[in-house]
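A.B. asks: Structure in C-alpha cells, see below.
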Amino acid sequence: MKLGIIGGGQLAWMMKDAADKLGVELIVQTPSPNDPAVSIAQHSIFAAVDDAAATEILATKCDIVTFENEFVNLAALSLLEKQGVCFHPQLAALAPLLDKYEQRCYLRDLGLPVPQFLALSGEKKLESQIENLGFPVVLKARRHGYDGQGTFIIPDFATLSKIVNQTHSQFLVEEFVPFTKELAIIAARSVNGEIVIYPAVETLQKEQVCRWVIAPAQITQEQSLQIEAIAHKLLTSLQYIGVCGIELFLTAQGKILINEIAPRTHNSGHFSLDACETSQFEQHLRAVCGLPLGNTRLYCASAVMVNLLGYENSHCDYQKQRQQLANIPQATVHWYGKTEARPGRKLGHITVLLDQDQTNGVEDIIHKIESIWYPQ
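Going letter by letter, the sequence shown gives residues 2 to 377 in this note's numbering.
Shown next, in the form of C-alpha cells:
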C-alpha cells in the first residue's frame, strides 16, 4: 500500500513507525526539504500543501491520499476526486469543517453543543451584530487558524473594531466560555464504519497553544459518555474515514461544549504513541488504508504529554535539555528534527507514563519538565 500525505510536518513524521509496522509506503507533498516528514518518506514532492497540480502528481504515485493539515484547496482537489483520486477522509467529510463558521453551523444543525456564535458581516454595523454576546468575545479567522494564529480574545468594542478593520480576513465571533477545563478526544472511523475512541484528555493552552495534556481526564462517567456520543454522532454524520481530534470545554455547571474539530491526527493525541496499545498515527493509517482498527486502551494508569515549544529564534538542537528530559523515569522524548526554533513553535514533545501511585504527582512532573526545558 502506498499512501500520499498532503503535508510533511511532525504529524506526518510521527506516522513512520506505524507505516513500517503495517507495510505502508509514505509519499509526502510538502514545501521544504527541511520539513520533518521528508526524512522518513519514500518519496517527496516539494510544493505548497494547497498546490493541487502537485497533488495530481502525488496521486499518480500512491493508492490513497490523506491529509496532515486542513490548509488545502478543496475546490481544486474535487476535480481530482472526480477523476478517480481516492481521498481519505473524503472531501465531502472535510467540506463542512474547513471554514470555522460553516463548521459551527454544521455542529449546531446536528444538535451538538456549541457556544453562541455568528459570522461578522461587513454590511452591518459591528455593534448591532455582537450586542447579544457581550464582552469578552472570541474572534477567529474562518480559515487557516492553527496553534492560536488567527484567534483573539477581545475585551472591548474598540479592540474588536481595530482588528477587524486592519485585516482582510473573514471572522467568526463566539461568546467567551468561562471553562473550568479544556478537554479533547481522539476518535477514528474505518472504511466499514467501525468507530473507536481514545480516553478523553485534559489540555492546557497558553496563548492558544497547547502546553500539556493529561490522560485520562478527571471527569465524570456521564461527561465521558457524553463526549463519546458527540464523537460517534459527528463521525457517523460525516461518514468520516480516518482520525479526528475534537476539542471541548467543560463549564462550571458541568456542561460540555465543542470548541473545535480538527480533521486529522491531533496534538492532544500524541500521548498515544507511548501510552496506548494503538497510537493515533497507527490508527489513522489503519482507517485510511482499510485495515481493522486497533485497541485504544491505555497501557498505564495515566500519562502526561508536554510540548517542547520554541522560546527563542535559534538553530540550536537543545541536546543538553533533551538528555536531561530523557533521564526522567518512564519518559520518552520525541524530537521533530526541525532546523529552526522560534517562539511558540512545536519542536518536540515528551511523554511520561505514570503508575497508579504516581497520578497525584502530575503537576510536579509537568513543573519538572518545564523547568528543564525553559530558561529560568
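Think of the CB as a built atom: it goes at the ideal place given N, C-alpha and C, for glycine as much as any other residue.
Being a predicted model, the structure only gives us computed values, none of them experimental.
(1) So ALA42 and ALA48 are supposed to be a Cβ contact under 8 Å. How far apart are they, rounded?
(2) From the DSSP secondary-structure annotation, give me the bridge partner or partners of ILE259.
(3) Can you check DSSP and say which residues form a bridge with THR67?
(4) Just mark TYR107 as buried or exposed, buried being the case when its beta carbon has 16 or more other beta carbons within 10 Å.
(5) Can you round the beta-carbon distance between GLY243 and THR67 to whole angstroms, since I take them to be within the 8 Å contact cut?
(6) Going straight from the alpha carbon of ILE370 to that of GLU341, what length do you get?
(7) Taking GLU195 as the reference, which of LEU236, LEU127, THR152 and SER45 has the closest Cα?
(8) Alpha carbon to alpha carbon, how far is GLU248 from GLN325? Give it in angstroms, no decimals.
(9) Take every Cβ of the region 100 to 118, pair it with every Cβ of the region 251 to 259, and state whether three or more of those distances are shorter than 8 Å.
(10) What number of angstroms, rounded off, separates the C-alpha of GLN240 from the C-alpha of SER315?
(11) So LEU173 and LYS141 are in contact, right, with Cβ under 8 Å, and what is the actual spacing, rounded?
(12) Exposed or buried, what is ALA230 when buried is set at 16 or more other beta-carbons lying within 10 Å of its beta-carbon?
(13) Leaving aside the five residues before and after GLY24 along the sequence, list all residues of the same chain whose C-beta is less than 8 Å from its C-beta, in chain order.
(14) Do SER45 and THR31 have their CB atoms nearer than 8 Å?
(15) Would you check if there are 3 or more beta carbon pairs closer than 8 Å linking the region 196 to 216 to the region 304 to 311?
(16) DSSP three-state label for CYS106, please.
(17) Once you ignore the five residues that flank ALA77 on each side, which residues in its own chain have a CB closer than 6 Å to its CB?
(18) Skipping 5 residues on each side, what residues in its chain have a beta carbon closer than 7 Å to that of GLU176?
(19) Cutting at 6 Å between CB atoms, please list the residues of its own chain near ASN166, excluding the five before and the five after it.
(20) Output the boundary residues of the beta strand (DSSP E) element that contains SER315.
(21) Beta-carbon within less than 7 Å of ASP100's beta-carbon, same chain only, minus the 5 sequence neighbours each way: which residues are those?
(22) Excluding the 5 residues flanking ALA19 on each side, which residues of the same chain have their C-beta closer than 6 Å to its C-beta?
(23) What does the alpha-carbon distance come out to for the pair ARG105 and LEU98?
(24) If we require 3 or more residues per run, which beta strand (DSSP E) segments fall completely within the region 17 to 73?
(25) Compare the Cα-Cα distances from GLN417 to each of ARG190, PHE180, ILE228 and GLU313 and report the closest residue.
(26) At the level of alpha carbons, what is the spacing between GLU169 and LEU251?
(27) Report the three-state DSSP secondary structure of PHE282 (helix, strand or coil).
(28) Residues in its own chain within less than 7 Å of ALA216 by CB, not counting five upstream and five downstream?
(29) If you reduce the DSSP assignment to three classes, tell me which class GLU364 lands in.
(30) Report the rounded CA-to-CA distance for ILE131 versus GLN171, giving the unit in angstroms.
(31) Does the separation of the CB atoms of TRP14 and TYR337 fall below 8 Å?
(32) Would you decide whether LEU355 is buried or exposed? Buried here means 16 or more other CB atoms lie within 10 Å of its CB.
(33) Is it the case that the Cβ atoms of ALA253 and ALA188 are separated by a distance below 8 Å?
(34) How many whole angstroms separate the CB atoms of GLN322 and ILE373, which I take to be in contact at a CB cut-off of 8 Å?
(35) What I want to know is whether the C-beta of GLU195 ends up closer than 7 Å to one or more non-hydrogen atoms of the ligand ATP.
(36) Around the C-beta of SER162, are 16 or more other C-beta atoms found within 10 angstroms, so that it is buried, or is it exposed?
C.D. replies: On the basis of the supplied data:
(1) The pair is not a contact, with the Cβ atoms about 14 Å apart (cut-off 8 Å).
(2) LEU249
(3) ILE6
(4) buried
(5) 6 Å
(6) 21 Å
(7) LEU236
(8) 31 Å
(9) yes
(10) 43 Å
(11) 5 Å
(12) exposed
(13) MET2
(14) yes
(15) yes
(16) helix
(17) ALA53
(18) PRO116, GLN117, LEU134 and VAL138
(19) none
(20) Element bounds for SER315: n/a, residue is neither H nor E.
(21) ARG143 and ARG144
(22) PHE282, GLU283 and LEU286
(23) 8 Å
(24) 26 to 31, 44 to 47 and 65 to 68
(25) Since the displayed the chain opens at 2 and closes at 377, residue 417 lies outside it and no answer follows.
(26) It should be noted that the sequence gives His, not Glu, for residue 169. Using only the alpha carbons, I get a separation of about 33 Å.
(27) helix
(28) PRO200, VAL202, PHE272, ALA276, LEU299, SER303 and ALA304
(29) helix
(30) 15 Å
(31) yes
(32) buried
(33) no
(34) 6 Å
(35) With respect to the ligand ATP, the structure offers nothing, as it holds no ligand at all.
(36) exposed
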